[in-house]
Every structure is written in structure tokens, then in C-alpha cells.
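Take a look at the structure below.
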Amino acid sequence: MARLTKKQKEALAKIEKGRVYSLSEATALVKEITNTKFDASVDIAVRLGVDPRKANQMVRGVVSLPHGTGKDMKVLALVTPDKEAEAKEAGADYVGLDEYLDKIKNGWTDVDVIITMPSVMGKLGPLGRVLGPRGLMPNPKTGTVTMDVAKAVAEVKAGKIDFKVDKTGIVHAAIGKASFTADKLAENANELIQTLIKLKPTTAKGVYVKSIFLSSTMSPSVAVDSKVN
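For the sequence shown, the residue numbers in my numbering are 738 to 966.
Take a look at the structure:
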């Protein structure tokens, strides 16, 4: 087992064993125990009482974080020529079609989000093996397949993220940076949690939000009261 560094021991010592913190307490504590030389990401992990193997219990969606993620999201707009100008004006980092499809075929995936149009989706099908595992395949349910390309690009740039429960029943998402105030982190986290609550499948039985943990890059995790309201 790896030995803990002095800073890791100090961080762990600040977390009360067995205690479940309020959201505001947890965000303040995560900031306190983050000791990286760079602006660390703050992440949330929400364990849901669902069985992701069942289609009617799959939880996925989008949320616009009030204060953004703190990350400059790189957006690729795969669009026809008539939509290129509006995609560029909305802030897309890469705009085009065939040239980028060829680059993706050759393994290029240096983007965070791909936005496209319904008419282009047929061309993306063969690239599923490249885009799928990286979570880059556009999907109408997350607003990344749309005719309103400009709006979709602007929303992603402003802090809209998509999320999906993994095979273990956990939703992972970045909710900001350690440089954010504790209040802003708490508001971003609460926005995601409330969105998840609204998406509760009718077939999910028992406790829906089982646990919530906050952490930053390389920090220990802090347990959050799952009865957030």
C-alpha cells in the first residue's frame, strides 16, 4: 500500500471520521484540503439506487451549472457549410465536417464536446468505436444533435454539461475549480443534485440518492448529506 505524504495525512486529519457534512460545509472543506500547485478540479460522485443494466433505470441528462465548470470546453461543431458561420460566432473551437471526420477516423479526439446536426449523424455512426468510449458521441437527449447549433455551442461554453450514470450506479461530474468560492461550488453541486432528483426513474425502488461525495484532484473525498433539498 502506498505511503501517505505529509500533506495527504494533514488533509485526512481535517476530515472528521464518520461525519456527513452539509453541502456548504463540504465545499469549504474540500477547498481547505486541496494543496495542489495548479487550480484543481472539484468533482462530485452521486451513488443512485438504480440498476443501470435496465433501460428504464438509465439516468442521463444535462445541466447548466450556474457558475460554469471553470474549464474552457473545447467544442467541435460538425456541420454543413451553411451552419459554419453561426457555429464560429457562437464560440466553437473547431468547425467543419469531412476534414474532421477524417481526423477522428485517424484517432484525433482532442475536444470535450462534439455538436452536430441530425443530417450529419449518419456519417458519425461508423465512428462510434472511437467516440463512444470517450463519451464524445453526440446525442439528441443531451442537446448535442440539433439544428440550433449556435445555441448548443453557447450553452456548452457557458457551463452546460452532460452526465450519465455508470455501470456501478454512480454519476461523476466536475462542478468547478478549487479557486471557486465555496458558495459557488455548493450552488453548482446543488444544481446537479436537484437535476438528478427530477430524473428519478419511476421504476427505481427504495432510496434513490444513496450517497454523495465531493473531492478535488488528488484530495481525499468528503461525505455529503444525501438528504439535500
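Using N, Cα and C, we set each Cβ at its ideal position, and we do this for glycine too.
Whole beta strand (DSSP E) runs in the segment 805 to 879 with 3 or more residues, listed along the chain?
-> Note on the segment 805 to 879: whole beta strand (DSSP E) runs with a minimum of 3 residues are 812 to 815, 831 to 833 and 850 to 853, in chain order.
Out of Glu-753, Lys-860, Val-850 and Gly-844, which has the shortest C-alpha to C-alpha gap to Leu-834?
-> Comparing alpha carbon positions, the residue from Glu-753, Lys-860, Val-850 and Gly-844 closest to Leu-834 is Lys-860.
With 16 as the cutoff for other CB atoms within 10 Å, does Glu-892 come out buried or exposed?
-> So Glu-892 ends up on the buried side.
Report back the beta-carbon spacing between Val-800 and Gln-794 to the nearest angstrom; my notes put them in contact at under 8 Å.
-> Wrong, their Cβ atoms sit about 19 Å apart, outside the cutoff.
Taking the C-alpha atoms as reference points, what is the distance between Lys-733 and Ala-765?
-> Not covered by the structure: residue 733. The range shown for the chain is 738 to 966.
In the structure shown, what three-state DSSP assignment does Ala-748 receive?
-> Per DSSP, reduced to three states, the secondary structure at Ala-748 is helical.
Just the C-alpha distance for Gln-745 and Gly-869, rounded to the nearest angstrom, thanks.
-> Spanning the two alpha carbons is a distance of roughly 35 Å.
Going by C-alpha distance, which of Ser-952, Lys-754 and Tyr-831 is nearest Ala-919?
-> Closest option to Ala-919, judged by alpha-carbon separation, among Ser-952, Lys-754 and Tyr-831: Ser-952.
Okay, do the segment 772 to 787 and the segment 896 to 907 touch, 3+ Cβ pairs below 8 Å being the bar?
-> Yes, since at least three Cβ pairs between the segment 772 to 787 and the segment 896 to 907 fall closer than 8 Å, the two stretches touch.
Distance CB(Gly-755)-CB(Thr-932) smaller than 8 Å = For Gly-755 and Thr-932, no; Cβs fall outside 8 Å.
Residues near Gly-844 by beta carbon distance below 8 Å, same chain, minus five either side | Val-867, listed in sequence order.
N-terminal and C-terminal residue of the beta strand (DSSP E) that Val-882 is part of = Counted as a single uninterrupted DSSP element, the stretch harbouring Val-882 is not any beta strand (DSSP E), since DSSP gives it neither H nor E.
Cutoff 6 Å; reference Arg-871; Cβ partners in own chain excluding five residues on either side = Cβ within range, chain order: Thr-846.
Figure out for me which residue from Leu-749, Ser-778, Leu-760 and Ser-956 has the closest Cα to the Cα of Gly-805.
-> Of Leu-749, Ser-778, Leu-760 and Ser-956, the residue nearest in Cα terms is Ser-778.
According to the Cβ coordinates, are Ala-822 and Val-886 closer than 8 Å?
-> Result no, Cβ atoms of Ala-822 and Val-886 do not sit closer than 8 Å.
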